[in-house]
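Counting with this note's numbering, you get residues 18 to 259 for the letters of the sequence shown. Think of the CB as a built atom: it goes at the ideal place given N, C-alpha and C, for glycine as much as any other residue. Below is one structure; the comments refer to it alone.
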Amino acid sequence: MPILITGLVQQSTTEPADLFVMHNSASDITKGISYQNLKNEIQADINAVTQAQLTTAIANLTAAYQAADRAVLEAVFQVGSRISLNSGPNIFVNPATYLGFGTWVLEQGYYYMGITAGVPIEGFIRGVGGTFGSFTHNHGGVTGDTTLNSTQIPSHSHTYDDTFHTEHLYTASGYYRGPNEYLENRGFSGVGTNGTDGDNDAFLYRTRTTSAVGGTQAHNHTIPAQSHMPPTMVESVWRRIA
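Set out below in structure tokens:
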């Protein structure tokens with residue numbers, strides 16, 4: 018069934034199996050194309066435009082989402098923040114690798130303490146970024162009393178003067194004295210067990226030495242074992258510095 022298109026002269030349309038003929042009288046050009054081919058071309062043009070627009074829209078949406086996601090991550094993991102992990106595939110991976118931003122350093126060997134905010138704890142005020150403490154420490158104080166026995170002190174002896182009244186002997190060279198003995202004349206007689214004559218007028222002193230006492234055994238003081246380590250879990254800690 019012929020269909021006339023307004024504005025075009027000497028034109029007609031036929032059923033889909035026939036040709037679609039258009040004539041431009043101004044330029045005196047006539048063209049013909051089958052209805053099916055024209056339909057296919059129009060459909061292809063529609064699909065091409067739609068696909069391009071869809072691709073652009075998806076790209077724009079993806080960029081907007083990534084920008085928003087980056088802004089959120091930047092706010093959460095700002096400079097000075099840290100990421101602590103004790104398991105997972107990223108435990109030893111620099112966060113810049115999977116976050117895509119920041120400069121990160123691996124912190125090792127630290128405990129973390131909240132700021133004291135001007136209120137001393139155990140006499141100290143701890144400010145943000147400060148460090149203190151060490152892995153080793155010294156103990157001060159006095160241990161309990163320990164009594165040493167004779168084997169725990171150095172071997173030693175004591176000398177003393179043993180004195181007694183004597184019936185001393187007098188020789189041509191003077192009073193007789195044995196080794197390590199000396200005489201103290203008291204100037205009177207009648208003392209001693211046989212004090213009936215004048216030869217009992219002196220004290221005889223003998224310097225003697227006690228037996229050695231002591232040994233070389235050591236002694237020690239027992240200090241009860243103490244642990245100052247709190248319950249601890251070791252983690253991989255990354256801190257953002259830029």
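* Comparing alpha-carbon positions, which option in D86, S151, I170, V122 lies nearest N237? -> I170
* Would you tell me roughly how many angstroms separate the C-alpha atoms of L102 and E252, rounded to the nearest one? => 5 Å
* Does the beta-carbon of P112 have 16 or more other beta-carbons within 10 angstroms, so that it is buried, or is it exposed? -> P112 sits buried, since 16 or more C-beta atoms from the chains shown fall within 10 Å of its C-beta.
* Short CB-CB distance (under 9 Å) between T72 and chain D -> Within the model displayed, chain D is absent; a lone protein chain is all it includes.
* Asked: Straight-line CA distance for G212 to T226?
  -> Its pLDDT being 49, under 50, G212 is placed unreliably in this model, and the value from its coordinates should be taken loosely. In a straight line, the C-alpha of G212 is about 29 Å away from that of T226.
* Roughly how many angstroms lie between the CA atoms of Y115 and M130, to the nearest whole one? -> Each residue's Cα considered, the two are about 28 Å apart.
* To do: Taking only the alpha-carbon atoms, compute the straight-line gap between T188 and D162 and give it to the nearest angstrom.
  => For T188, the predicted structure reports a pLDDT of 47, less than 50, and the residue's modelled location is therefore unreliable. The matter cannot be settled from this model.
* **Which of helix, strand or coil DSSP assigns to V122** => strand
* **Within 9 Å, strictly: CB atoms of G231 and S167** => yes
* Considering T47, what are the terminal residues of the beta strand (DSSP E) in which it resides? -> 46-51
* Asked: Taking the alpha-carbon positions, what's the N41 to K48 distance?
  -> Approximately 9 Å, taken between the alpha carbons.
* Asked: Pick from R223, T148, Y128, T133: whose alpha carbon is nearest that of P247?
  -> Y128
* Applying the criterion that 16 or more other CB atoms from any shown protein chain within 10 Å of the CB defines a buried residue, is R257 buried or exposed? -> buried
* **Cβ shell of T73 (< 8 Å), same chain only, five flanking positions each side left out** => none
* Going straight from the alpha carbon of P241 to that of T160, what length do you get? -> 10 Å
* Does the beta-carbon of G119 have 16 or more other beta-carbons within 10 angstroms, so that it is buried, or is it exposed? -> buried
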